[in-house]
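J.: Provided herewith is a single structure, encoded as structure tokens, for subsequent inquiry.
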Amino acid sequence: MTRTTPALATLLAATTLLSAPAALAEITLGAVIPLSGSNATPGEDQRRGIEIAVKEINAAGGVLGEPLKVIVEDSAGKPQTAIDAARKLVTVDEVPLVIGSYSSGITLPMGEYLVQEGIPHLNPASTSGLVRNIGDSSFSMVGLDNVSTEFAAKEVIANGWKNVAVLAVNNAFGQGVAQEFQKHLEAMGGGVKTSVLFTGGQPSYRRELQQLEATDPDAYVFTAYGTDAALIMQESFELGLQEDAPWYSILITMMNKDTAPEFKQGLSGMDVGYLGAGGEGYAATYEADYGETFLSAYGGYAHDAVLFAAKAIEKAGSTDKQALLTAIRALGDEGFTGATGEIKLDANGQRMSQPYLKFKVEGNDLVQMD
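Quick note: to get this note's numbering, add 317 to the position in the sequence shown (first position is 1).
See below:
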């Protein structure tokens with residue numbers, strides 16, 4: 318009799334299959350993204366991007382003449398859960414490549430596990446500079462924080478906010494954003510009055526907000542995930558901080574959908590570009606399939622990770638891991654154009670050119686600014 322352990326049963330229950338109808342043979346990839354927890358909204362956006370990519374690839378004949386399937390696992394926004402999910406994909410499903418995850422604090426340990434196992438890893442959303450050090454078989458489809466924070470610092474200075482207070486989540490991502498932003502802002506003649514790192518998942522952030530308020534900044538600059546950001550914005554409104562000074566969000570689409578309109582009026586910010594040249598077809602398909610616009614900026618990067626993986630497998634002529642790694646590096650050198658624009662990789666496997674957009678909140682919506 319076959320026995321299923323509780324841990325494996327939990328993993329299997331959290332699994333979503335995105336595939337064509339059953340066939341005699343399939344090319345199977347894995348993905349680990351947050352389908353529950355504070356980042357479930359951008360995680361669902363990523364899942365949709367993956368689903369659209371699979372449909373596009375299979376409609377065009379599949380990969381190496383076979384249908385493509387992507388097994389999607391839930392990280393639940395927890396490092397160990399993500400590692401366990403990746404381990405299942407590698408040992409049980411025997412996938413040749415894994416896409417994931419969201420949040421650098423999740424992606425770093427998961428990516429390191431995959432590198433140890435010799436499995437190619439494509440990062441579709443995590444932007445900490447530490448991602449660069451995951452290992453030789455890890456590659457990023459999105460630009461890292463050294464570029465995004467420079468863009469944000471330029472915007473802050475352009476708005477006339479020379480001395481700001483910074484709030485960021487206390488993990489690899491938030492620490493990197495706070496450090497890189499301060500470095501760029503100071504180089505441009507500005508300054509950070511205080512930089513407060515918070516622990517996610519708290520019932521209240523009033524203590525951290527009062528620390529920021531005490532410095533009397535020109536503006537509040539912050540980055541936070543989903544439901545944590547929603548609570549931060551609610552409490553900053555209730556404490557009157559939104560009347561004291563403007564609020565600016567780095568990677569604003571991470572939090573906009575989860576925050577009630579009354580708590581974010583006047584908010585502005587930046588994020589990675591949703592689409593590159595030629596991405597209109599992806600946007601049209603997304604709206605037709607799901608009846609709404611993007612939930613975040615990150616679905617397109619997950620979409621492009623699947624397309625990039627499929628192209629690399631075609632280039633390799635098989636799913637052999639070493640052949641696939643060689644093909645990924647070659648494709649990164651040549652360049653690949655997806656919904657988010659051209660993806661070229663540097664010597665460390667990181668995306669070289671990253672588009673960014675400026676936004677302001679109007680009602681419940683983000684409006685792109687010139």
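C-beta atoms are modelled at their ideal positions from N, C-alpha and C, and glycine is treated no differently. Since this is a predicted model, take the numbers as computed values, not measurements.
Can you give the Cα-Cα distance for Q551 and P578, rounded to whole angstroms?
T.: Rounded to the nearest angstrom, the two C-alpha atoms are 10 angstroms apart.
J.: Counting only runs that start and end within the stretch 549 to 611, where is the beta strand (DSSP E) found for 3 or more residues in a row?
T.: For the stretch 549 to 611, whole beta strand (DSSP E) runs of length 3 or above, ordered along the chain, are 564 to 567 and 585 to 589.
J.: Which one of N463, P413, A442 and I423 has the shortest CA to CA distance from G435?
T.: Of N463, P413, A442 and I423, the residue nearest in Cα terms is P413.
J.: So, using beta-carbon positions, are R364 and V380 closer together than 8 angstroms?
T.: Taking 8 angstroms as the Cβ cut-off, R364 and V380 do not qualify as a contacting pair.
J.: Could you check if P520 is buried or exposed, using at least 16 other CB atoms within 10 Å of its CB as the buried criterion?
T.: Exposed: under 16 other Cβ atoms inside 10 Å.
J.: Would you decide whether G693 is buried or exposed? Buried here means 16 or more other CB atoms lie within 10 Å of its CB.
T.: Here the chain has residues from 318 to 687 only, and residue 693 is not among them.
J.: Which same chain residues, not among the five before or five after L683, have their C-beta less than 8 angstroms away from its C-beta?
T.: For L683, where only same-chain residues beyond five positions count, the Cβ hits under 8 angstroms are I569, T570, N573, F676 and K677.
J.: Would you say I474 and G508 are within 8 angstroms of each other, going by their C-beta atoms?
T.: Contact flag unset, no.
J.: Find the nearest neighbour of G616 within the set G590, I350 and D362, judged by alpha-carbon distance.
T.: Ranking the options by Cα distance to G616, first place goes to D362.
J.: Tell me the start and end of each unbroken alpha helix (DSSP H) in the stretch 371 to 413 that is at least 4 residues and wholly inside, in chain order.
T.: Correct list: 396 to 408.
J.: Relative to the C-alpha of G658, which residue among I645, A644, A664 and A619 is closest?
T.: Minimum Cα distance to G658 is reached at A619.
J.: Roughly how far, in whole angstroms, is the beta-carbon of I344 from the beta-carbon of E383, given that I think they are within contact range, below 8 angstroms?
T.: Sure, about 5 angstroms apart at Cβ, within 8 angstroms.
J.: Does V420 pass the burial test, meaning 16 or more other C-beta atoms within 10 Å, or should it be called exposed?
T.: Position check: residue 420 holds Ser in this sequence, whereas Val was assumed. Per the 10 Å Cβ criterion, buried.
J.: Could you check how far apart the C-beta atoms of S613 and T444 are, in whole angstroms? I think they sit under 8 angstroms.
T.: No, S613 and T444 are not in contact; Cβ-Cβ is about 13 angstroms, not under 8 angstroms.
J.: Sorted by chain position, which residues of the same chain lie with C-beta nearer than 6 angstroms to T398's C-beta, five sequence neighbours on each side aside?
T.: Here the set comprises S392.
J.: Taking the DSSP output, what are the residues bridged to G658?
T.: Answer by DSSP bridge pairing, in chain order: G655.
J.: Looking at the secondary structure, which residues open and close the beta strand (DSSP E) in which G508 lies?
T.: Here the beta strand (DSSP E) through G508 covers G508 to F515.
J.: Buried or exposed: which applies to E472, given that a residue is buried once 16 or more other Cβ atoms fall within 10 Å of its Cβ?
T.: So E472 counts as buried.
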